[in-house]
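With the numbering used here as the guide, the letters of the sequence shown map in order to residues 405 to 796. From the three backbone atoms N, C-alpha and C, an ideal C-beta is built for every residue, glycine too. Here's the structure we're looking at; comments come further down.
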Amino acid sequence: MKITNIKSTILDYPLPVPLKPSWAPGRTFKTTSCLLVEITTDEGVTGIGAGPDSGRAGIYTIADLVAPYILGKDVFGIEQISPILRVAAKDGSYPWSVEMALWDIIGKVTNQPVYRLWGAFQDTLPAYASLAEVVPVEEQIERLYQLKEMGFRAVKLRLRRPDINEDIRVVQQIRAEFGDSLQLMVDANQAHVMPCPEPVGAWTFHDALKVANAMQELDILWLEEPLPRYGLDQIARLTAATNIPIAGGELHKGLHEYKQIIDMNCYDIIQADAAFSEGIFQLRKVAAMAELSYKPFIPHTWSNGIGMGANLHLAASLPNCPWFEFPIDPPAWTNESRDFMLNEPFQIKKDGTITVSDKPGLGLEINEDAVQKYTTLTWQSDKLYIGSNNEF
Ligand SMILES: [Mg+2]
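Take a look at the structure:
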């Protein structure tokens, strides 16, 4: 079965209220964007994938760096196509949505959900609510009560206040409020920020050590990204010096970087993402490296509903994935904000778990009306640019 057409579309959806994520200090997002990729075969089967917002660089990557080299190739030849995607990732933006779409096709053709093709370890996982914003403690507590009401039993808080002592005090207050009725993780987001107007100094080793020890006292499940991404020696030193699990790895690129961070024992928990880091199937190799080092692999999923859905198949296929990251932080980041391009937004169940779709492929259905409404630019391999024509 051959790849005959590739379409990539930038979607831009207005958020119900603006979002101020901790990973872009000083920025306010009024919309959320993603790059939808649709691949069609000579037998008329279509698969979908989606990458994070990378603007026109996303379209350029698919149109100029990927499509010319994979059109006509065998859909099942993932290991032949992956090296092409790696080159595109190096010279362009994130091309991993292509691999998602190919597995969606393979699942549809074989009439199996993707996670079942890879070992089907579990179909239901505990979900944790992954917040985005740093807000005053009173408001944070109010939001946590809402999330508990929805069924969440675990929540990941963001730390990125100007003073680490303030971060520690807020987590102390939240633990005092909820006791052991809520499991907590914390994400310091010190490894990476998006371009932003505010100065973004990262924690020092001793800042990170102080926070890690305080979080251990508070029985926090893990501390995520406490140090800059490529300070590998310092990260490994911190992980060795603390007893709280240190998590990270969401935006590393390439299998070789994961081998290095696993070999160096940089993190206790590995968090690669099928939308940002490598292809969804290639990440099974990273998960296997983690498994052989007795480390959990818990994918990062903060992109969009399709990226999250692809990561859910990966997570469900693995023996070493004890949690699933569920990005949600109302009022700005709701199930609809994340999944506006899908007919059925993901929901967790009342017991705080999430179940992977048992439909063939990724099991996701595109909301065609939403796609039409929120398209800002489309490129298709058998046509010219559509939408903002010739502006590209
Ligand atoms: Mg993170």
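Do L475 and P456 count as a contact pair if the criterion is CB distance below 9 angstroms? no
Are at least three pairs of beta-carbons, each pair with one atom in the segment 547 to 563 and one in the segment 529 to 539, less than 8 angstroms apart? yes
Between I463 and N747, what straight-line distance do the alpha-carbon atoms span, to the nearest angstrom? 24 angstroms
Runs of beta strand (DSSP E) wholly within the segment 697 to 766 (minimum 3 residues, chain order): 728 to 731, 757 to 759
N593 - DSSP class collapsed to helix/strand/coil: coil
Give a yes or no on contact between the segment 711 to 723 and the segment 483 to 499, applying the rule of three or more CB pairs nearer than 8 angstroms. no
To which residues does DSSP link C600 through a beta bridge? None, per the DSSP bridge assignment.
To the nearest angstrom, how far is the alpha carbon of G683 from that of I466? 14 angstroms
Span of the beta strand (DSSP E), counted from its first residue to its last, around D416: 407 to 423
Against chain B, with Cβ distances strictly below 9 angstroms, would P731 count as a contact? The displayed structure is made up of one protein chain only, and chain B is not part of it.
Of all the options L687, P649, G658, which has the alpha carbon lying nearest to the alpha carbon of D672? P649
Residue span of the beta strand (DSSP E) that contains W783, given as start and end: 779 to 784
For the structure I just gave you, are there three or more beta carbon pairs, one from the segment 716 to 728 and one from the segment 758 to 767, closer than 8 angstroms? yes
Below 7 angstroms CB to CB, which residues in the same chain sit around K689 once its five sequence neighbours on both sides are set aside? L659
Can you give the Cα-Cα distance for V470 and V597, rounded to whole angstroms? 27 angstroms
Between the segment 472 to 486 and the segment 690 to 702, are three or more C-beta pairs nearer than 8 angstroms? no
Cβ contact (3+ pairs, closer than 8 angstroms) linking the segment 415 to 423 and the segment 771 to 785: yes
Can you tell me whether K411 is buried or exposed, with buried defined as 16 or more other CB within 10 angstroms of its CB? buried
If contacts are defined as beta-carbon pairs under 8 angstroms, then E729 and Y532 qualify, I think. What distance do you get, rounded to the angstrom? 6 angstroms
Which residues does DSSP pair with C670 in a beta bridge? According to DSSP, which records beta bridges pairwise, C670 is partnered with nothing at all.
I want to check one thing, is the minimum distance from the CB of Q516 to the heavy atoms of ligand 3 below 8 angstroms? The model depicted lacks ligand 3 and carries ligand 1 instead.
Please tell me whether E629 and N593 are closer than 9 angstroms, where the distance is taken between their beta carbons. yes
Answer yes or no: do I666 and G652 have a C-beta to C-beta separation smaller than 9 angstroms? no
Comparing alpha-carbon positions, which option in L548, N708, K657 lies nearest P734? L548
With T643 as the anchor, note down where its alpha helix (DSSP H) starts and where it stops. 636 to 645
Just how far apart, CA to CA, sit P429 and G605? 11 angstroms
With 16 other Cβ atoms within 10 Å as the buried cut-off, status of S792: Unreliable placement is indicated for S792, whose pLDDT of 44 sits below 50; the coordinate value is still reported in the next sentence. Its Cβ having fewer than 16 others within 10 Å, S792 is exposed.
Is N593 close to ligand 1? I mean its beta-carbon at under 8 angstroms from any heavy atom of the ligand. yes
Taking its Cβ as the centre, do 16 or more other Cβ atoms sit within 10 Å of H704, making it buried, or is it exposed? buried
Please identify the residue among P420, N409, P425 whose C-alpha is closest to the C-alpha of E602. P425
So what does DSSP say about P530, is it helix, strand or coil? strand
Can you say whether M589 is buried or exposed, counting buried as having 16 or more other CB atoms within 10 angstroms of its CB? buried
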